[in-house]
Amino acid sequence: VLQEKVRYLYKRVYKYLKTSKMILDDLEDIYRNAVINQLIEAKTEEIINNVFKDIKRNSKTPFQRHMFASGITPEGSIHFLDDLFDNVHQRFIISGNPGTGKSTLLKNIFNHAVSKRFDVDVFHCPMNPEKIEHLIIQELGIGFITSIQPHILSNIRGDDVVIDMNFVLDCSRLKDFKGDIEYNNSLSWELFEKAIKTLGNVKKTRNELEAIYASNMNFGVIDKVREQILAKILRYIYNQ
1 VLQEKVRYLY KRVYKYLKTS KMILDDLEDI YRNAVINQLI EAKTEEIINN VFKDIKRNSK
61 TPFQRHMFAS GITPEGSIHF LDDLFDNVHQ RFIISGNPGT GKSTLLKNIF NHAVSKRFDV
121 DVFHCPMNPE KIEHLIIQEL GIGFITSIQP HILSNIRGDD VVIDMNFVLD CSRLKDFKGD
181 IEYNNSLSWE LFEKAIKTLG NVKKTRNELE AIYASNMNFG VIDKVREQIL AKILRYIYNQ
């Protein structure tokens with residue numbers, strides 16, 4: 001019964017997250033329709049020229065590590081941005097509403113770094129793994145951080161370059177959608193929090209299940225099997 005409950009709760013978690021993402025996608029579409037694309041292109045070119053100015057192309061084969069810097073847990077959304085970027089010399093902190101070109105900006109920077117044959121650590125969005133959220137180019141000591149809810153960088157340094165991508169918006173195009181924006185924001189976060197709460201129930205149920213298993217386990221048999229396996233390993237080693 002408890003196993004069935006765990007499976008059922010997991011399905012509900014995924015449904016809540018899937019629906020939350022659908023609402024965020026709609027919100028992204030609203031903002032994207034108000035974007036001035038030339039401003040994104042100009043900002044991308046400005047940053048690339050700034051970062052890679054006078055940088056020669058490496059001769060080695062570049063290596064990329066694709067990871068996640070944040071995650072969704074029963075305790076809530078967690079991230080490791082402050083630890084990951086603590087030793088990065090030059091940091092670009094990127095913020096802005098959905099659909100304002102944050103991921104597009106980072107993808108273009110990533111592609112340029114790879115074309116220059118630099119190793120890059122790439123951090124993707126847990127809700128949409130196709131999207132890039134953060135980058136570290138270790139050889140240049142440069143990092144790009146998307147600092148938005150639910151992963152806000154807590155330690156902002158004086159020499160950090162802060163880029164609010166909302167500057168690319170033509171706000172006059174958003175006036176008719178103010179109610180939709182507020183509704184979508186509220187609903188998506190409500191669903192996200194519901195997913196986390198349900199994930200907490202998953203953990204609680206799994207703990208109950210593990211307690212039942214533990215109370216019925218014969219640890220003496222486990223110890224005996226472990227000793228037998230260890231003896232076989234040792235015989236194999238010493239007979240070589």
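Using the numbering used here, the first residue of the sequence shown is number 1, and each one after it goes up by one. For every residue, glycine included, the Cβ atom is placed at its ideal position computed from N, Cα and C. Values in this document were obtained by computation on a predicted structure and should not be read as measured data.
- For ASP164, the enclosing beta strand (DSSP E) starts and ends at 161-164.
- Within the stretch 23-108, the complete alpha helix (DSSP H) segments at least 4 residues long are 37-51 and 81-84, listed from N- to C-terminus.
- Only residues of its own chain outside the window of five on either side were considered, and among them PHE123, CYS125 and THR146 have a CB closer than 6 Å to the CB of GLU133, listed in chain order.
- The residue among ASN184, ILE212 and LYS232 with its C-alpha nearest the C-alpha of SER20 is ASN184.
- VAL202: member of the alpha helix (DSSP H) spanning 178-215, first to last residue.
- DSSP lists ILE94 as the beta-bridge partner residues of THR146.
- Each of LYS178, PHE80 and PHE68 was checked against the Cα of GLU130, and the nearest Cα belongs to PHE68.
- Secondary structure at ASP121: strand, using DSSP grouped into helix, strand and coil.
- ILE233 is bridged by DSSP to nothing; it lacks a bridge partner.
- Per DSSP, the unbroken beta strand (DSSP E) holding GLU133 starts and ends at 132-137.
- With contact defined as three or more Cβ pairs closer than 8 Å, the stretch 221-229 and the stretch 52-67 are not in contact.
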